[in-house]
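Enquirer: So that we are looking at the same thing, I have put the structure below in structure tokens.
There are 2 protein chains.
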Amino acid sequence: MSDNCCIVLDRLVEGAPRPEDFRLERRPLPEPGAGEMLVRNLFASVDPGSRGRLSGRASYAPPLRPGQVMEAQTVGLVVQSDGGRFAEGDLVAGALGLREFAVTKGRGMRRIADWEQPISTAIGIYGTPGMTAYFGMLDVGQPEPGQTVLVSAAAGTVGSAAGQLAALRGARVVGIAGGAEKCRYLREALGFAGAIDYKAADDLADAIGETCPDGVDVYFDNVGGVILQTALGHMADGGRIVICGQISQYNREGTAPEGLVDPHPFIYRRLRMQGFVVFDYADRFEAARREMRGWIEAGRLQFREHVLDGLERAPEAYSGLFQGENFGRGLVRIGELA
Amino acid sequence: MSDNCCIVLDRLVEGAPRPEDFRLERRPLPEPGAGEMLVRNLFASVDPGSRGRLSGRASYAPPLRPGQVMEAQTVGLVVQSDGGRFAEGDLVAGALGLREFAVTKGRGMRRIADWEQPISTAIGIYGTPGMTAYFGMLDVGQPEPGQTVLVSAAAGTVGSAAGQLAALRGARVVGIAGGAEKCRYLREALGFAGAIDYKAADDLADAIGETCPDGVDVYFDNVGGVILQTALGHMADGGRIVICGQISQYNREGTAPEGLVDPHPFIYRRLRMQGFVVFDYADRFEAARREMRGWIEAGRLQFREHVLDGLERAPEAYSGLFQGENFGRGLVRIGELA
Numbered sequence: 286m287s288d289n290c291c292i293v294l295d296r297l298v299e300g301a302p303r304p305e306d307f308r309l310e311r312r313p314l315p316e317p318g319a320g321e322m323l324v325r326n327l328f329a330s331v332d333p334g335s336r337g338r339l340s341g342r343a344s345y346a347p348p349l350r351p352g353q354v355m356e357a358q359t360v361g362l363v364v365q366s367d368g369g370r371f372a373e374g375d376l377v378a379g380a381l382g383l384r385e386f387a388v389t390k391g392r393g394m395r396r397i398a399d400w401e402q403p404i405s406t407a408i409g410i411y412g413t414p415g416m417t418a419y420f421g422m423l424d425v426g427q428p429e430p431g432q433t434v435l436v437s438a439a440a441g442t443v444g445s446a447a448g449q450l451a452a453l454r455g456a457r458v459v460g461i462a463g464g465a466e467k468c469r470y471l472r473e474a475l476g477f478a479g480a481i482d483y484k485a486a487d488d489l490a491d492a493i494g495e496t497c498p499d500g501v502d503v504y505f506d507n508v509g510g511v512i513l514q515t516a517l518g519h520m521a522d523g524g525r526i527v528i529c530g531q532i533s534q535y536n537r538e539g540t541a542p543e544g545l546v547d548p549h550p551f552i553y554r555r556l557r558m559q560g561f562v563v564f565d566y567a568d569r570f571e572a573a574r575r576e577m578r579g580w581i582e583a584g585r586l587q588f589r590e591h592v593l594d595g596l597e598r599a600p601e602a603y604s605g606l607f608q609g610e611n612f613g614r615g616l617v618r619i620g621e622l623a
Numbered sequence: 286m287s288d289n290c291c292i293v294l295d296r297l298v299e300g301a302p303r304p305e306d307f308r309l310e311r312r313p314l315p316e317p318g319a320g321e322m323l324v325r326n327l328f329a330s331v332d333p334g335s336r337g338r339l340s341g342r343a344s345y346a347p348p349l350r351p352g353q354v355m356e357a358q359t360v361g362l363v364v365q366s367d368g369g370r371f372a373e374g375d376l377v378a379g380a381l382g383l384r385e386f387a388v389t390k391g392r393g394m395r396r397i398a399d400w401e402q403p404i405s406t407a408i409g410i411y412g413t414p415g416m417t418a419y420f421g422m423l424d425v426g427q428p429e430p431g432q433t434v435l436v437s438a439a440a441g442t443v444g445s446a447a448g449q450l451a452a453l454r455g456a457r458v459v460g461i462a463g464g465a466e467k468c469r470y471l472r473e474a475l476g477f478a479g480a481i482d483y484k485a486a487d488d489l490a491d492a493i494g495e496t497c498p499d500g501v502d503v504y505f506d507n508v509g510g511v512i513l514q515t516a517l518g519h520m521a522d523g524g525r526i527v528i529c530g531q532i533s534q535y536n537r538e539g540t541a542p543e544g545l546v547d548p549h550p551f552i553y554r555r556l557r558m559q560g561f562v563v564f565d566y567a568d569r570f571e572a573a574r575r576e577m578r579g580w581i582e583a584g585r586l587q588f589r590e591h592v593l594d595g596l597e598r599a600p601e602a603y604s605g606l607f608q609g610e611n612f613g614r615g616l617v618r619i620g621e622l623a
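If you read the sequences in order, they're chains P and F. Counting in the working numbering, the first sequence runs from 286 upward without gaps. Counting in the working numbering, the second sequence runs from 286 upward without gaps.
So, in structure tokens, the structure goes:
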């Protein structure tokens, strides 16, 4: 059998990740022991949320060290099972990292359903990003019919799903994204009530004020920094701020954080700001997936994928994430099913 | 009949309020018209929350202008009623301001219950501060049995009630206060598990870490600024930050706010920060008062009053609030019931 291509961290990352921070390494094919499976990966994700593990500092997950395989969500095929949780031929989603093959006991993994098509959706709209949008918007943000919802990084995987879910709840949704193409997508394909191109706006505050004249009831924040601070100036009474991601800050470790929040208006505007970890909702994922399936099949919930072919392109895809280059769920195709 | 002593704002306040910012003025006794009442005030409060109206800038209430009577919560006796909401001889609580007599239609006022004794409690533990503690702690903070609750300005009217209410819910309560006497009161009279004298602590972060070794599940913030920032570094997973008051910031208008909050840890610590306006809970005040009465009569909920005799002492009492000089609900006695 072939050896096993892996993308490993070459050095700790300082500032914006670069392709040279990673290297491709060929390793021997692992052998499953008792209770284990060998999985051949077909798709892997590139996730901004991984950034926190690449600087060598502890966050909520232990740091990755140089020489370790880069973390990623994966969809793969069980090619050998020695009494493992899944059977040969099962398609499974998990977080096996940027590698062709992995041996696993299957903890934290799931068999994907037949209707999760294309299978890459198992780590996209039906995976962590979709669940993040679902629980972050519906459980934490709690938009109500007629309310105004503002979403940053709104053309991203999480942002676009979060915005559409708010619209399905009857909210009026405005997105912030970088570039005319993404903004056109939000308005025309997704039917957002408004879209703000933060790269082109003369004054972001004015742009938010114009598109959200009654104030913002839910601000779903994927970016932090200046955009968060600006959005906070437009909250309506009783507004909720969902702290979902802070991508503008992930490369700034060791420097003073931007986007600090003044707590004073929280009193007179009755604001609530809340962060969350999507895995806390794991026991409701299956029900959420089924609900989202209905909307997707009815054409009411759309998503995009940004697929690069070949594991070796993952470092390029990963660094592109932080340049705002991706437009859709960032994925690399590692192999074909057949 | 006598004329009507009033405390009026003499000039807009810059920085810390001083007694000279106010003046005593004698005005003609007002006459109630149809549907109105003449109330003789017996007690008035001095409230840090009034500070926001004294700088001439709009906040959630319109600013007070020089020459206007200083706002205050009041308990008074209806001495004349021309078909007003209440009858002659009724004791009523409201916000008639720092004056001996006021004419009012009674909007936003209530007749106080016989069991609200002493009658000053109608604007203390049974009034806005008590309601603020009750709904801020129990509805917003939601402490659970065994959880750690940290309260700043813990010897104050709101803070001491909030801490005791958390303890009644089974939480372990630690207070932050200024001075050994207040800290002894928290530990010995109120039975707090810990008390931190922020004026004496070498390192506030260390002191919080030592008194809250499992982290803080609910931080009830009355002060903002550096204490808020320090407390945020000790939040437990899923912690709630109740933004109740920001007294350390009230005199800093026009300068950069202190106590800015980094939103990043909100994600991995799953934090929630929330402000509130107590009047949003007005339809539950009566039930809350009845519940608190039970605890007070059972000796399980204690409160202190800091009464100065004579309306003319209100300016001194008000400026003392911001020096941390008061120990208990700040009140001035305007007149006797009999």
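C-beta: ideal position from N, C-alpha, C; glycine also.
What does Q358 of chain P reach in chain F if we use C-beta pairs closer than 8 Å?
Expert: The premise fails here: Q358 of chain P is roughly 18 Å from chain F at the closest Cβ pair, so nothing lies under 8 Å.
Enquirer: Less than 7 Å separating the Cβ of M422 of chain F from some heavy atom of the ligand ATP?
Expert: In the structure on display, the ligand ATP does not appear, and there are no ligands present to speak of.
Enquirer: Shortest alpha-carbon distance to F477 of chain P belongs to which of P:L489, P:A490, P:L453, P:G464?
Expert: Taking only the C-alpha atoms, the option nearest F477 of chain P is P:L453.
Enquirer: Kindly indicate which three-state DSSP category R303 of chain F falls into: helix, strand or coil?
Expert: Three-state DSSP puts R303 of chain F in coil, outside helix and strand.
Enquirer: Do three or more CB pairs link the segment 547-560 of chain F to the segment 553-561 of chain P at distances below 8 Å?
Expert: Counting Cβ pairs under 8 Å, three or more are found: they touch.
Enquirer: Within 8 Å (strictly less), CB to CB, does I461 of chain P reach chain F?
Expert: Taking Cβ atoms only, chain F never reaches closer than 8 Å to I461 of chain P, which makes this a no.
Enquirer: Please list, in chain order, the chain P residues whose beta carbon lies closer than 9 Å to that of R555 of chain F.
Expert: Those within 9 Å of R555 of chain F in chain P are Q559, G560, F561, V562, D565.
Enquirer: Should F477 of chain F be flagged as near chain P, meaning a C-beta pair shorter than 8 Å?
Expert: Chain P contact via Cβ: absent.
Enquirer: Note down, in chain order, each residue of its chain lying with its Cβ closer than 8 Å to the Cβ of A474 of chain P, except the 5 sequence neighbours on either side.
Expert: Cβ within range, chain order: Q587.
Enquirer: Taking the Cβ atom as the reference point for each residue, do P315 of chain F and V364 of chain F lie within a distance shorter than 8 Å?
Expert: In this structure, V364 of chain F does not lie closer than 8 Å to P315 of chain F by Cβ.
Enquirer: Under the three-state reduction of DSSP, which class applies to E373 of chain P: helix, strand or coil?
Expert: Here E373 of chain P sits in coil by DSSP.
Enquirer: Name the chain P residues that come within less than 7 Å of D547 of chain F, Cβ to Cβ?
Expert: Within chain P, the residues near D547 of chain F are P542, L545.
Enquirer: Going by DSSP, name the residue or residues bridged to N536 of chain F.
Expert: Answer is none; N536 of chain F lacks a bridge partner.
Enquirer: Whole-angstrom Cβ separation of M355 of chain F and V298 of chain F, contact assumed at under 8 Å?
Expert: In fact, because the Cβ distance is near 11 Å, the residues do not count as touching under 8 Å.
Enquirer: Whole beta strand (DSSP E) runs in the segment 384-411 of chain P with 3 or more residues, listed along the chain?
Expert: Runs of the beta strand (DSSP E) inside the segment 384-411 of chain P: 386-389.
Enquirer: What are the residues that DSSP puts in a beta bridge with A625 of chain P?
Expert: In the structure as shown, chain P begins at 286 and stops at 623. Residue 625 of chain P is therefore absent and cannot be evaluated.
Enquirer: Please classify K484 of chain F: is it buried, with 16 or more other beta-carbons within 10 angstroms of its beta-carbon, or exposed?
Expert: So K484 of chain F counts as exposed.
Enquirer: If I measure Cβ to Cβ from Y603 of chain F and keep anything under 7 Å in the same chain, skipping five residues before and after, which residues do I get?
Expert: The answer, listed in chain order, is P302, V331.
Enquirer: Ordered along the chain, which non-local residues of its own chain (more than five positions away) have a Cβ less than 8 Å from that of I404 of chain F?
Expert: The answer, listed in chain order, is L327, F328, V360, L376, I397, L622.
Enquirer: Just list the alpha helix (DSSP H) runs in the segment 526-575 of chain F, keeping only unbroken ones of 4 residues or longer that don't cross its boundaries, in chain order.
Expert: Complete alpha helix (DSSP H) runs here, min 4: 549-553.
Enquirer: Short check: CB of G441 of chain P to CB of N536 of chain P, under 8 Å?
Expert: Not a contact, by the Cβ cut-off of 8 Å.
Enquirer: Give me the DSSP bridge partner(s) of E495 of chain F.
Expert: According to DSSP, E495 of chain F bridges with nothing at all.
Enquirer: With distances taken between CB atoms, is the gap from A480 of chain F to T515 of chain F smaller than 8 Å?
Expert: No, these two residues do not count as a Cβ contact at 8 Å.
Enquirer: When the Cα atoms are used, what is the spatial distance from Y504 of chain P to G337 of chain F?
Expert: Going from the Cα of Y504 of chain P to the Cα of G337 of chain F covers about 27 Å.
Enquirer: According to DSSP, what are the bridge partners of I581 of chain F?
Expert: Answer by DSSP bridge pairing: none, since I581 of chain F is not bridged.
Enquirer: Determine the direct distance from the alpha carbon of G494 of chain F to that of R557 of chain F, and round the result to whole angstroms.
Expert: About 20 Å.
Enquirer: Can you find a C-beta in chain F that's less than 8 Å from the C-beta of I528 of chain P?
Expert: It does: the Cβ of I528 of chain P has a partner Cβ on chain F nearer than 8 Å.
Enquirer: Ignore the nearest five residues each way along the sequence and tell me which others in Y370 of chain F's own chain have a CB closer than 6 Å to its CB.
Expert: A small correction: the amino acid at residue 370 of chain F is Arg; Tyr does not occupy that position in the sequence shown. Cβ within range, chain order: G391.
Enquirer: Would DSSP call G444 of chain F helix, strand or coil?
Expert: Three-state DSSP puts G444 of chain F in a helix.
Enquirer: Which bits of chain F does Q531 of chain P rub up against, with CB to CB less than 8 Å?
Expert: Residues of chain F passing the Cβ test: P548, H549, I552.
Enquirer: When the cut-off is 8 Å and only beta carbons count, does G539 of chain P lie next to chain F?
Expert: No - not a single Cβ of chain F is within 8 Å of the one on G539 of chain P.
Enquirer: Assign A541 of chain P to buried or exposed, taking buried as 16 or more other Cβ atoms, counted over all protein chains shown, within 10 Å of its Cβ.
Expert: By the neighbour-count rule (16 or more Cβ atoms within 10 Å), A541 of chain P is not buried but exposed.
Enquirer: Output the boundary residues of the beta strand (DSSP E) element that contains V363 of chain F.
Expert: Here the beta strand (DSSP E) through V363 of chain F covers 359-366.
Enquirer: In the segment 307-339 of chain F, which residue ranges form an unbroken beta strand (DSSP E) of at least 3 residues, counting only runs that do not cross its ends?
Expert: DSSP runs (the beta strand (DSSP E)) wholly in the segment 307-339 of chain F: 307-312, 322-330.
Enquirer: Going along chain F, which residues have a C-beta under 7 Å from Q534 of chain P?
Expert: H549, listed in chain order.
Enquirer: Express the C-alpha separation of V527 of chain F and A425 of chain F in angstroms, rounding to a whole number.
Expert: Reading off the sequence, residue 425 of chain F comes out as Val, not Ala. Between V425 of chain F and V527 of chain F, the C-alpha separation is close to 7 Å.
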